[in-house]
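Taking it in order: structure first as structure tokens, then the write-up.
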Amino acid sequence: MNRLIITTLLLVGCTQVYACSADKGLDASIQQDDTSKKDTMKLKITIGDKTATAILYDNPTSRDFAAMLPVTVKMDDYSNTEKIFYPSRKVSVKDAPAGFDPSVGDITLYAPWGNIALFYKDFGYSSGLISIGKITSGIEAFAVKGSITAKFELVK
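Taken in order, the sequence shown gives residues -19 to -1, 1 to 137; the numbers are from mature numbering (1 follows the signal peptide of the UniProt record, and there is no 0).
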């Protein structure tokens, strides 16, 4: 009987130790996911006499886009939600997730069409949308009717 109680206690203890270590593993994976959007590149976007600032995340798509900069483009309004433009060449989609749920200020690549999209209004999840950065100030420069001309450049 004592042996049964001791064995049961040992099994319960091992299960708790395993559960605690599994929780730590989960926390580590959550922290890793949070750092996947580490802002390693700073971006300046000039729209007329206004300036917006942004960060580009450290992922293959962002790095490939950054390699094209500086660039001055005409950004068309799309659905009163985002400003879009088509880069001079296709941007890498290596290791990209299946989709993304953008909010105000998100800079993305819409892989199926190949356009860069900057959201000035919230939008829902879209397959093929890849997050590449975020506007940190000056989003109001994009929330205007019609097309705009914008210069994108990296800040050293």
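We put the CB at the ideal spot given by N, CA and C, even for glycine.
Rounded Cβ spacing between residue i and residue j (contact assumed at less than 8 Å)
i, j, result
"residue 142", "residue 56", "Within the shown structure, residues of the chain are numbered from -19 to 137, placing residue 142 beyond reach of any answer."
"residue 23", "residue 36", "6 Å"
"residue 27", "residue 132", "4 Å"
"residue 90", "residue 72", "5 Å"
"residue 101", "residue 85", "6 Å"
Status (buried if at least 16 other CB within 10 Å, exposed otherwise) for residue i
i, result
"residue 53", "exposed"
"residue 121", "exposed"
"residue 29", "exposed"
"residue 76", "exposed"
"residue 115", "buried"
"residue 64", "buried"
"residue 136", "exposed"
"residue 67", "exposed"
"residue 103", "exposed"
"residue 83", "buried"
"residue 79", "exposed"
"residue 130", "exposed"
"residue 17", "Only weak support exists for where residue 17 lies, its pLDDT of 45 falling under 50; the value from the coordinates is given anyway. So residue 17 ends up on the exposed side."
"residue 33", "buried"
"residue 48", "exposed"
"residue 98", "buried"
Per DSSP, cross-strand counterpart(s) of residue i
i, result
"residue 133", "26 and 52"
"residue 89", "98 and 112"
"residue 118", "34"
"residue 107", "81"
Proximity test, Cβ basis, 8 Å: residue i and chain C
i, result
"residue 100", "Protein chain content of the structure displayed is limited to a single chain, and chain C is not contained in it."
Do the region 32 to 45 and the region 110 to 122 touch if we need at least three Cβ pairs shorter than 8 Å? yes
May I have a chain-ordered list of the alpha helix (DSSP H) segments no shorter than 4 residues that lie completely inside the region 7 to 87? 41 to 47
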